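Mapping to full-length UniProt numbering: the sequence shown position 19 is 19, numbers consecutive. Where a beta carbon is used, it is the ideal one built from N, C-alpha and C, also for glycine. Predicted model only: the values in this text are computed from it and were never measured. Comments concern the structure below.
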Amino acid sequence: MIVTLDHLRRAPGFGARPGFCAQGGREWFAYYGLDWSAFVRDGIQAETLEATGDALGLHLAAFARAEAARG
């Protein structure tokens, strides 16, 4: 399952508005040593996000899978 920037922008957030900002995404990717530019261009495997064990990665992967299941 590929998670994309669109998923990041539309996933229910932890605040009042849906989605997560690109700046926060860049910082999160840097913290975990993930390639932000490759993510923006190609997406990232959900398993890679889940492997971080971080709540955001788990949340984003689950959102992308739920979207795919809905078709």
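Residue nearest to residue i in terms of C-alpha spacing, selected from the options
| i | options | result |
| --- | --- | --- |
| residue 32 | 38, 49 and 23 | 49 |
| residue 12 | 47, 26, 62 and 68 | 62 |
| residue 6 | 54, 55, 52 and 39 | 39 |
| residue 20 | 28, 29, 30 and 8 | 8 |
| residue 4 | 51, 37 and 54 | 37 |
Within 8 Å, strictly: CB atoms of residue i and residue j
| i | j | result |
| --- | --- | --- |
| residue 10 | residue 18 | yes |
| residue 70 | residue 46 | no |
| residue 2 | residue 43 | yes |
Strand pairing of residue i, partner residues [DSSP]
| i | result |
| --- | --- |
| residue 45 | 2 |
Span of the alpha helix (DSSP H), counted from its first residue to its last, around residue i
| i | result |
| --- | --- |
| residue 106 | The structure shown has nothing for residue 106, since the chain only spans 1 to 71. |
| residue 31 | 22 to 31 |
Straight-line Cα distance separating residue j from residue i
| i | j | result |
| --- | --- | --- |
| residue 23 | residue 14 | 16 Å |
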